[in-house]
Amino acid sequence: MELKWKIKPFEALTVDELYDLLKLRSEIFVVEQNCVYLDIDGKDKKALHLIGEYDGKIVAYVRLFDAGISYDNASIGRVVVNANYRDRKWGHDLMREAIAAIKSNFGKDKITIGAQLYLKKFYESHGFIQTSEMYLEDDIPHIEMQLN
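Here it is in structure tokens:
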């Protein structure tokens with residue numbers, strides 16, 4: 001079975017959707033990665049939220065930004081797939097949907113991301129190239145990557 005995709009601005013998210021996507025982000029970025037940081041960073045209100053649902057549950061999610069919000073280029077952030085569904089390779093579907101959504105909603109081809117270093121090959125498989133040296137963000141090695 002495939003994911004059902006929805007894309008919404010912040011104002012269109014239901015209370016339940018917002019709760020569920022924040023819960024998923026917290027489960028992965030705070031608990032699984034053992035990283036204490038402020039996930040709610042003020043950018044959610046400026047993002048388009050791409051949600052992948054399976055059996056009525058949010059299992060994949062990403063934030064999409066137009067140029068000038070996080071980077072000079074359009075950007076993708078908070079890329080997450082529920083740990084129980086990673087064996088289905090839905091992260092690749094999520095990235096394809098995210099790239100297409102950046103192009104269709106913002107009309108942009110250049111996309112910049114701040115990627116966790118261990119996911120470099122994953123993002124390279126979607127056409128991203130490394131554009132920075134490694135840096136620490138919340139004590140996790142990251143690199144900047146760009147899709148042209």
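Residue numbers (UniProt numbering): 1 to 148. Using N, Cα and C, we set each Cβ at its ideal position, and we do this for glycine too. Computed from a prediction, not measured in an experiment: that's the story for all the values here.
**Request:** Would you kindly check if the distance between the Cβ of L50 and the Cβ of E97 is under 8 Å?
**Result:** yes
**Request:** With K89 as the anchor, note down where its alpha helix (DSSP H) starts and where it stops.
**Result:** That residue, K89, is in no alpha helix (DSSP H); it is neither H nor E in DSSP.
**Item:** Nearest residue (CA-CA) to G42, options F122, R63, D109 and A83
**Value:** R63
**Asked** G52 bridges to which residues according to DSSP?
**Response** W5 and A60
**Request:** Using beta-carbon positions only, say whether F122 and G91 come within less than 8 Å of one another.
**Result:** yes
**Message:** Please report the straight-line C-alpha distance between I143 and V79, rounded to a whole angstrom.
**Reply:** 15 Å
**Request:** If I'm right that I28 touches A83 with Cβ under 8 Å, what's the distance once you round it to whole angstroms?
**Result:** 7 Å
**Prompt:** Excluding sequence positions up to five away, which residues of its chain have a Cβ less than 8 Å from the Cβ of A74?
**Reply:** L64, F65, D66, A67, I102, F106, K108, K110, I111 and T112
**Request:** Hey, could you find the ends of the alpha helix (DSSP H) V15 is sitting in?
**Result:** V15 to R25
**Message:** Can you find the residues in the same chain that come closer than 8 Å, C-beta to C-beta, to E20, ignoring five residues on each side of it along the sequence?
**Reply:** According to the sequence as given, residue 20 is Asp; it is not Glu. If we look at D20 and ignore the five residues flanking it on each side, its Cβ neighbours are K57 and I58.
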